[in-house]
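A.B. asks: Supplied in structure tokens, the structure appears directly below.
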Amino acid sequence: MSSDSPSFRLERNFESAYDSFLSFQSRADIPFGIAITRESGLCYPFSFRVSEDFEESYFMAKKILLSLLWMIGGEHILLGPVSPFAQKFLKESSRDEEIQSSLEAASKIMAFDISMSLCPALPERKDIPIPFGDSFSGHRIGLDLGGSDRKVTACVDGKVVYSEEVLWDPKSQEDWRYQEEGIRASLLSASSHLERVDAVGVSTAGVVLDNELTFPALFRSVPEDDLKAHVRPIFKQLIPSLFGNVPFQVENDGDVSAIGAQILFRQENVLGLALGTSFAAGYAENGHLLSWINELSKCPVNFSKNARKHYLFSVQGAASEYLSQKGIILLLENNGMELHGSLAEKLLQIQAKMKENDPLVRDAYCDMGLYLGTALAYLSLFYPVKSALLLGRVMTGEGGDLLLEKAKEYLDSRGIAMDLLSGDENFKRLGQSYIAACLPKL
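Shown next as structure tokens:
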């Protein structure tokens, strides 16, 4: 970072994606671009410049490609215009582990093969807007499924009549029935406080398409055969079995955050971010989602060549390793703090130390605020972001307030106008489940 930036206190190995990209653009002059497209017509092009230094240009173009792949999701990757760099990039990328592992994973998530080819010129952008519900009328249940806890809210015409938060450990379970039983228990617990159930909305980690879990992050230890047979359609089977033919809708937890910002905070062009066990994101504008997969946990935000890799894929500097419970825990443990138990238990210990004004913990939250600020700046290159809603366990307590303060400080230092929104402590923890309740249309 430049000398006028807010400075890290504990982190010794972080290179801002935003600053790295702008610095490279200042000395690059060869036109290049990458577009992500789908057969449905969706297209997202991103043009930038490369230089005569192939190694540096390849590194930067690779980071942009990985960012677009996990932001947008598509069947075809187009490189253009045709040039010696584009031709060499296409050849080198075919044997690049970081790129190929992401292409393989994205193919499984999207359920189609992904091709990469050259094109004379990038096509124009085309969005496929998806409207979402915004009504809390009726007797509704909202369920929020995270990696360390699940939360459920029962509400009548928008008024909360019951909420519950339960710790669980879904990611380590090999038997899918563990997660199903937890989901069932939360839904029944909420329904017991309602005269009837008119609609059910679900916010969950992972990738969701047509109410099915195409990348079930909370079931990552479950065998492949069970994923296809039982996990992918779990909500289509479970909710009707409990409540009959009621409308229900399942969305990624990041998209739910973005929807909440539009509905509850009346914000447009908003990123919804959940800093929990991992890092979830969504984007909404003008009352619509854009059909993007928004898997920003895999998006590189640290451009250091020594950055940590994503816990499942080979993406270096992935947001999940920094903007999550794991991120602050690793930062503190790498600087000598002893923490014990699960991720959730370690975070509780950190939050308790923050209440005691522990200087090491304060420094960690300051550094995490810079993680967030630099990530938001980088994402603003691709999303026309006016505001961001921050939710999740990491945002709770005094540490969350300090994190927001430092993120804003970084954005201000870069001249980026962006409103950072949150809520009270209860909303930071339970807001996802409340927002989820409004998703289905009656």
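Offset between the sequence shown (1-based) and the numbering used here: plus 705. From the three backbone atoms N, C-alpha and C, an ideal C-beta is built for every residue, glycine too.
Consult DSSP for Asp854 and reduce its assignment to one of helix, strand or coil.
C.D. replies: strand
A.B. asks: Specify the secondary structure class of Thr1079 as computed by DSSP and reduced to three states.
C.D. replies: helix
A.B. asks: Here's the rule I'm using: 16 or more other beta-carbon atoms within 10 Å means buried, otherwise exposed. How should Lys1003 be labelled?
C.D. replies: buried
A.B. asks: If Val955 sits next to Trp881, beta carbons under 8 Å apart, how far is it from one beta carbon to the other, in whole angstroms?
C.D. replies: Actually they are not in contact, since the Cβ atoms of Val955 and Trp881 sit about 16 Å apart, beyond 8 Å.
A.B. asks: Taking all protein chains shown into account, do 16 or more other C-beta atoms lie within 10 angstroms of the C-beta of Leu1075, making it buried, or fewer, making it exposed?
C.D. replies: buried
A.B. asks: Ignore the nearest five residues each way along the sequence and tell me which others in Pro952's own chain have a CB closer than 7 Å to its CB.
C.D. replies: Ala904, Pro1145, Lys1146, Leu1147
A.B. asks: Start and end of the beta strand (DSSP E) containing Asp1124?
C.D. replies: 1124 to 1126
A.B. asks: With burial defined as no fewer than 16 other Cβ atoms inside 10 Å of the residue's Cβ, what is the status of Pro828: buried or exposed?
C.D. replies: exposed
A.B. asks: Using a Cβ-Cβ cutoff of less than 6 Å, which residues in the same chain neighbour Pro1064 once the five nearest sequence positions on both sides are dropped?
C.D. replies: none
A.B. asks: Over the uninterrupted alpha helix (DSSP H) stretch that includes Gln1056, give me the two end residues.
C.D. replies: 1048 to 1060
A.B. asks: Output the residue ranges of the alpha helix (DSSP H) runs that lie fully inside the stretch 927 to 987 and measure 4 residues or longer, sorted by chain position.
C.D. replies: 939 to 948, 958 to 970
A.B. asks: With DSSP as the reference, identify every bridge partner of Gln1021, one or two as the case may be.
C.D. replies: Lys1014
A.B. asks: Going by DSSP, name the residue or residues bridged to Val905.
C.D. replies: Ile846, Phe953
A.B. asks: Starting from Gly738, trace the beta strand (DSSP E) both ways and give me its first and last residue.
C.D. replies: 735 to 742
A.B. asks: Count the CB pairs spanning the stretch 1069 to 1086 and the stretch 1019 to 1035 that are closer than 8 Å, and state whether there are at least three.
C.D. replies: Counting Cβ pairs under 8 Å, three or more are found: they touch.
A.B. asks: Rounded to the nearest angstrom, what separates Glu678 and Leu1081 at their Cα positions?
C.D. replies: Outside the shown range of the chain, which is 706 to 1147, sits residue 678, and nothing can be said about it.
A.B. asks: Along the chain, where does the beta strand (DSSP E) that runs through Leu1107 open and close?
C.D. replies: Looking at the DSSP string, Leu1107 is not in any beta strand (DSSP E); the run it does join, the alpha helix (DSSP H), is 1102 to 1118.
A.B. asks: Could you pull out every residue in the same chain whose Cβ sits closer than 7 Å to the Cβ of Ser745, ignoring the five residues on either side in sequence?
C.D. replies: So the list reads Ile833, once near-sequence residues are dropped.
A.B. asks: Taking just the CA atoms, how far does Lys831 sit from Gly779?
C.D. replies: 13 Å
A.B. asks: With distances taken between CB atoms, is the gap from Ala1049 to Thr858 smaller than 8 Å?
C.D. replies: The Cβ atoms of Ala1049 and Thr858 lie no closer than 8 Å to each other.
A.B. asks: Measuring CA to CA, which of Ala1122, Ile1034, Lys856 is closest to Ser1092?
C.D. replies: Closest by alpha carbon: Ala1122.
A.B. asks: Taking Cβ positions, are Ile1140 and Val961 nearer each other than 8 Å?
C.D. replies: yes
A.B. asks: Quick one: grab the DSSP three-state call for Glu829.
C.D. replies: coil
A.B. asks: According to the neighbour-count rule (16 or more other Cβ atoms, all chains shown, within 10 Å of its Cβ), is Ala934 buried or exposed?
C.D. replies: Label assigned to Ala934: exposed.
A.B. asks: Return the CA-CA distance between Glu885 and Ser1138, expressed in angstroms with no decimal places.
C.D. replies: 17 Å
A.B. asks: Determine the contact status of Leu1096 and Ala979, defining contact as a CB-CB distance below 8 Å.
C.D. replies: yes
A.B. asks: Nearest to Ile846 by CA position, among Leu808, Glu879, Leu893, Lys813, is which residue?
C.D. replies: Leu893
A.B. asks: Let me confirm a value: Arg1119 is counted as buried when at least 16 other C-beta atoms fall within 10 Å, else exposed. Which label applies?
C.D. replies: buried
A.B. asks: Please name the residue, chosen from Val861, Glu1043, Ala895, that lies closest to Leu947 on a Cα-to-Cα basis.
C.D. replies: Looking from the CA of Leu947, the closest CA among Val861, Glu1043, Ala895 belongs to Ala895.
A.B. asks: Between the alpha carbons of Trp670 and Ser983, how many angstroms are there, rounded?
C.D. replies: This structure leaves residue 670 out entirely; the chain is present only between 706 and 1147.
A.B. asks: Leaving aside the five residues before and after Gly965 along the sequence, list all residues of the same chain whose C-beta is less than 7 Å from its C-beta, in chain order.
C.D. replies: Gly977, Leu1094, Gly1136, Ile1140
A.B. asks: Which residue from Asn957, Ala810, Gly959, His993 puts its Cα closest to that of Glu662?
C.D. replies: The displayed coordinates of the chain run from 706 to 1147. Any statement about residue 662 would go beyond what the structure contains.
A.B. asks: Quick check on the burial criterion: 16 or more other C-beta atoms within 10 angstroms. Buried or exposed for Ala816?
C.D. replies: So Ala816 ends up on the exposed side.
A.B. asks: Using the three-state DSSP reduction, which class does Ile998 fall into: helix, strand or coil?
C.D. replies: Coil, per DSSP.
A.B. asks: If we define contact as Cβ-Cβ less than 8 Å, is Ala979 a contact residue for chain B?
C.D. replies: The structure shown contains no chain B; it is built from a single protein chain.
A.B. asks: Could you round the C-beta distance between Ile782 and Val912 to whole angstroms and report it? I think they count as a contact, below 8 Å.
C.D. replies: That pair is no contact at about 18 Å.
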